[in-house]
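Q: The structure under discussion is supplied below as structure tokens; questions concerning it will follow.
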Amino acid sequence: MLLTTYHNMLSKAIEEAQSIDYIKPYLLKVTDVDDSPDLTDIHPRDREDMDMRFLSPLIHKDIFKLTSKLIEQDSNIIDALVIAFAPQTQLHEHVDTVELEPYAEIDWLSVYMPMFVPSIDSSKVGVKVGDIIYDHKETIVFDTQIPHSAWNWTDDWWVSLRLSVKKEII
399 MLLTTYHNML SKAIEEAQSI DYIKPYLLKV TDVDDSPDLT DIHPRDREDM DMRFLSPLIH
459 KDIFKLTSKL IEQDSNIIDA LVIAFAPQTQ LHEHVDTVEL EPYAEIDWLS VYMPMFVPSI
519 DSSKVGVKVG DIIYDHKETI VFDTQIPHSA WNWTDDWWVS LRLSVKKEII
């Protein structure tokens, strides 16, 4: 049931987003609204190779009408975002909740579902969680308190639907 529900959510999100160009004007730069550091000595806002953006389908219900309804109907979803990596972007090693130490216990997992992926070659578009490198051909589920990084070494945008889902149901 879980897979069907999330597959339906992803299908609606892709359908409603229409294209990267359609949603691009609504995307906010992460570094414009989030001052969190990563696990390196250089702050993300000071990097030239970091251009990650996001939007909330729950805020942009005018675009994501059906997607937002599906998300709101699932009490196991804590948060939902559309995440976009600009071309030639690297997100250095980090954890999502900087107030907690790496590997600290959290009660949710992040479910990254591919909307628009320019390559399934993990050397071009990939996510590294701990020592494991994933391509984004399929959904990626992981604990965001495990240090992780991501990259898009293509000339196109990479867009995913990210759900924060209560750990006990996955």
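If you're matching positions, the sequence shown starts at 399 in my numbering and goes up one per residue. We put the CB at the ideal spot given by N, CA and C, even for glycine. All values reported here derive from a predicted model rather than from experimental measurement.
Looking at the structure shown, is Leu468 part of a helix, part of a strand, or coil, going by DSSP?
A: Locating residue 468 in the sequence shown gives position 70, counting from the first residue. Reduced to three states, the DSSP call for Leu468 is helix.
Q: Can you give the beta carbon distance from His546 to Val563, rounded, assuming they're within the 8 Å contact cut?
A: Residue numbering aside, residue 546 sits at position 148 when the sequence shown is read from its first letter. Residue numbering aside, residue 563 sits at position 165 when the sequence shown is read from its first letter. Not confirmed; about 17 Å, so no contact.
Q: Which of the three DSSP states, helix, strand or coil, is assigned to Asp419?
A: Here residue 419 corresponds to residue number 21 of the sequence shown, with the count starting at 1. It is helical.
Q: Report yes if the CB atom of Asp447 is closer than 8 Å to the CB atom of Thr487, and no otherwise.
A: Here residue 447 is taken as the residue at index 49 of the sequence shown, counted from 1. Here residue 487 is taken as the residue at index 89 of the sequence shown, counted from 1. The answer is yes: Cβ separation under 8 Å.
Q: Of the residues Ser558, Lys427, Leu464, Gln471, which one's Cα is nearest the Cα of Arg451?
A: Start at 1 with the first residue of the sequence shown, and residue 451 comes out as number 53. The candidate whose alpha carbon is nearest that of Arg451 is Lys427.
Q: Tell me which residues share the same chain as Asp355 and place their Cβ nearer than 7 Å to its Cβ, disregarding the 5 neighbours each side in the sequence.
A: There is simply no residue 355 to check, as the chain begins at 399 and stops at 568 in what is shown.
Q: I'd like to confirm the pairing. Which residues does DSSP put opposite Ala478 in its beta bridges?
A: As a first step, residue 478 must be located in the sequence shown, where it is residue number 80. According to DSSP, which records beta bridges pairwise, Ala478 is partnered with Leu561.
Q: If Trp551 and Lys522 are in contact, beta carbons under 8 Å, what's the gap, nearest whole angstrom?
A: Residue numbering aside, residue 551 sits at position 153 when the sequence shown is read from its first letter. Residue numbering aside, residue 522 sits at position 124 when the sequence shown is read from its first letter. That belief holds up - the Cβ atoms of Trp551 and Lys522 are roughly 5 Å apart, short of 8 Å.
Q: Among residues of its own chain, excluding the 5 on either side of Ile481, which ones have a beta-carbon nearer than 6 Å to its beta-carbon?
A: Locating residue 481 in the sequence shown gives position 83, where the first residue counts as 1. Result list for Ile481: Phe452, Ser558, Arg560, in chain order.
Q: Under 8 Å, with one C-beta from each stretch per pair, do the stretch 459-479 and the stretch 413-432 reach the 3-pair mark?
A: yes
Q: Less than 8 Å between the C-beta atoms of Leu489 and Phe540, yes or no?
A: Reading the sequence shown from its first residue, position 91 is the one you call residue 489. Reading the sequence shown from its first residue, position 142 is the one you call residue 540. It is not a contact, given that the beta carbons lie outside the stated cut-off.
Q: Buried or exposed: where does Leu498 fall if 16 or more other Cβ atoms within 10 Å of its Cβ makes it buried?
A: What you label residue 498 is simply residue 100 of the sequence shown in a count that begins at 1. With fewer than 16 other Cβ atoms from the protein chains shown falling within 10 Å of its own Cβ, Leu498 counts as exposed.
Q: Since Ser520 and Ile531 are thought to touch, with beta carbons under 8 Å apart, how far apart are those beta carbons, to the nearest angstrom?
A: Position 122 of the sequence shown, counted from the start, is the residue given in the question as residue 520. Position 133 of the sequence shown, counted from the start, is the residue given in the question as residue 531. Confirmed, about 5 Å.
Q: Go through its chain and collect everything with a Cβ distance to Asp449's Cβ below 6 Å, but skip five positions before and after it.
A: Your numbering for residue 449 matches position 51 in the sequence shown. Same-chain partners within the cutoff: Ala484, Thr487.
Q: Taking the alpha-carbon positions, what's the Tyr404 to Asp439 distance?
A: On the sequence shown, residue 404 is found 6 positions in, with the first residue counted as 1. On the sequence shown, residue 439 is found 41 positions in, with the first residue counted as 1. Answer to the nearest angstrom: the Cα atoms are 37 Å apart.
Q: For Val527, report the span of its beta strand (DSSP E) as first-last.
A: Residue 527 sits at position 129 when you count from the first residue of the sequence shown. First-last of the beta strand (DSSP E) with Val527: 523-527.
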